[in-house]
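**Student:**
There are 2 protein chains.
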Amino acid sequence: MLKNNEFIDKLRSSGLRPTKQRLKLCKVLFNRSTTFHFTINDLKKQISEKLNEKISLATIYNTVHAFKKKGYLKEISINSDKSYFDTNTKIHHHFFDNSTKELIDINDNQVEKIKINTSLPGKKITSVEVLVKVENK
Amino acid sequence: MLKNNEFIDKLRSSGLRPTKQRLKLCKVLFNRSTTFHFTINDLKKQISEKLNEKISLATIYNTVHAFKKKGYLKEISINSDKSYFDTNTKIHHHFFDNSTKELIDINDNQVEKIKINTSLPGKKITSVEVLVKVENK
DNA sequence: AATATAGTTTATAATAATTCTAAAGAAGAA
DNA sequence: TTCTTCTTTAGAATTATTATAAACTATATT
């Protein structure tokens, strides 16, 4: 459980003003024991459920993108009508449950490290993502 | 280069009536030497450019989804505002060029086969996808 | 402490991909 | 031909996301 002051320092040190809204979002996003996989709508719901407050939708979008840019959140590649984000920003891979539309982390020891034996001229690799899709048996 | 009759047979054998629109789409999609990675908009453009004809947008969507369901097309997992499809339905992986927003096949010998040493209770794996994102150097 | 400024938040409108609808049209069977 | 079922279509509806521009606030400056 991080203190408010720690969030304030973290925000300030990355050039983001520690506003009320950002601090509330930090609480909801980062004050948890396990990683959080979410869509904007999931996040919005948790803000009202956990904090019993309201942050405008535009601010939620803005902040999530700001946090992603600063490396505090990661966007996960799924072809869905919605975007998915993850509070675990380390390189790791995912199950995507098509039945529940939920993301689940794959542990490092559960999937072999991927080796790419090629490159593209003039391009640099920015990420390597493995997505294992599952559904109910 | 497949003949029209071959498309007719293929469609009929999978329970799809061989309509003018579907045959035109077959021509654009499958009468090519290399695989085709496309968005609905790309496809629409090629219909007018290659065939100089027009198929309603709803039909393009309907047909692409019907072909996907029958296994003639594959949808690729990218978090983009648009959906991407691929005429190569074999298991293979992709580069996604964030600078040009293009998909490029990764050959089988260019990426190691991924081994998953885990499973989820009550779920079955439906696909394993590797996406390598690249951008201009 | 008051003031200036640059960064933020907000409600709302705009955008864009996709799906829905329901009527008209076409394919295949009888 | 006629009937039934499937398909196409234009346009409306839906939905996630981004843009806009005015009100607000954190912070630095005086």
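Residue numbers (our numbering), protein chains in the order written: chain W, 15 to 151; chain S, 15 to 151. We put the beta carbon where it would ideally sit given N, CA and C, even for glycine.
Indicate whether at least one CB of chain S lies closer than 8 Å to the CB of G136 of chain W.
**Tutor:** It does: the Cβ of G136 of chain W has a partner Cβ on chain S nearer than 8 Å.
**Student:** Compare the Cα-Cα distances from K84 of chain S to each of S:S47, S:V146, S:K147, S:R26 and report the closest residue.
**Tutor:** When only C-alpha atoms are compared, the closest one is S:R26.
**Student:** Would you call the CB atoms of D119 of chain S and N131 of chain S closer than 8 Å?
**Tutor:** In this structure, N131 of chain S does not lie closer than 8 Å to D119 of chain S by Cβ.
**Student:** In terms of residues, what are the limits of the alpha helix (DSSP H) holding N55 of chain W?
**Tutor:** First-last of the alpha helix (DSSP H) with N55 of chain W: 54-64.
**Student:** So F109 of chain W contacts chain S; which residues on that side make the cut at Cβ distance below 7 Å?
**Tutor:** Within chain S, the residues near F109 of chain W are L134.
**Student:** What ranges does the beta strand (DSSP E) occupy inside the region 101-150 of chain S, keeping only unbroken runs of at least 3 residues that lie completely in it?
**Tutor:** If we require 3 residues or more, the beta strand (DSSP E) runs fully inside the region 101-150 of chain S come out as 107-111, 116-120, 137-150.
**Student:** I'd like to know if I69 of chain S contacts chain W, where contact means its C-beta is closer than 8 Å to some C-beta of that chain.
**Tutor:** Not an interface residue.
**Student:** Give the C-beta separation of V144 of chain S and H107 of chain S to the nearest angstrom, bearing in mind that I take them to be a contact with Cβ-Cβ under 8 Å.
**Tutor:** That pair is a contact at about 4 Å.
**Student:** Just curious, the alpha helix (DSSP H) that I74 of chain W is in, first and last residue?
**Tutor:** Counting along the chain, the alpha helix (DSSP H) containing I74 of chain W begins and ends at 71-83.
**Student:** Tell whether a beta-carbon distance below 8 Å holds between G136 of chain W and K82 of chain S.
**Tutor:** Cβ atoms of G136 of chain W and K82 of chain S: not closer than 8 Å.
**Student:** E143 of chain S touches chain W at which residues, Cβ-Cβ below 9 Å?
**Tutor:** Correct list: S91, E143, V144, L145, V146, K147.
**Student:** For T49 of chain S, tell me which candidate among S:D23, S:Y75, S:S91, S:L117 has the shortest Cα-Cα distance.
**Tutor:** The option with the nearest alpha carbon to T49 of chain S is S:L117.
**Student:** Comparing C-alpha positions only, which one of S:V142, S:Q124, S:T114 sits nearest to V125 of chain W?
**Tutor:** Selected option, being the one with the closest Cα: S:V142.
**Student:** According to DSSP, simplified to helix, strand and coil, what is E67 of chain W?
**Tutor:** Looking at E67 of chain W - three-state DSSP - the assignment turns out to be coil, as it is neither helix nor strand.
**Student:** Do the CB positions of I92 of chain W and N93 of chain S come within less than 8 Å of each other?
**Tutor:** In this structure, N93 of chain S lies closer than 8 Å to I92 of chain W by Cβ.
**Student:** Specify the secondary structure class of I90 of chain S as computed by DSSP and reduced to three states.
**Tutor:** The answer is strand: DSSP assigns I90 of chain S an E or B state.
**Student:** Here's the rule: buried if 16 or more other CB atoms are within 10 angstroms of the residue's CB, otherwise exposed. What is S133 of chain W?
**Tutor:** Answer is exposed; the Cβ neighbour count stays below 16.
**Student:** When the Cα atoms are used, what is the spatial distance from L57 of chain W to R46 of chain W?
**Tutor:** Spanning the two alpha carbons is a distance of roughly 13 Å.
**Student:** I need the DSSP call for F50 of chain S, collapsed to helix, strand or coil.
**Tutor:** Looking at F50 of chain S - three-state DSSP - the assignment turns out to be coil, as it is neither helix nor strand.
**Student:** Which residues in the same chain as H51 of chain S place their Cβ atom closer than 6 Å to its Cβ, once the five residues preceding and following it in sequence are excluded?
**Tutor:** Counting only Cβ-Cβ distances below 6 Å, and skipping sequence neighbours, we find D100, L117.
**Student:** If contacts are defined as beta-carbon pairs under 8 Å, then L30 of chain S and A72 of chain S qualify, I think. What distance do you get, rounded to the angstrom?
**Tutor:** Not quite, the Cβ-Cβ distance comes to about 16 Å (not below 8 Å), so this is no contact.
**Student:** Closest to D111 of chain W by C-alpha separation, out of S:N112, S:D122, S:I139, S:D111, would be which residue?
**Tutor:** Taking only the C-alpha atoms, the option nearest D111 of chain W is S:I139.
**Student:** Strictly under 8 Å for the Cβ-Cβ distance: is I61 of chain S near chain W by that measure?
**Tutor:** It does not; no Cβ of chain W falls within 8 Å.
**Student:** Please classify T77 of chain S: is it buried, with 16 or more other beta-carbons within 10 angstroms of its beta-carbon, or exposed?
**Tutor:** Buried.
**Student:** So Y98 of chain W packs on T53 of chain W, CB below 8 Å; how close in whole Å?
**Tutor:** About 6 Å separates the two Cβ atoms, so the contact holds.
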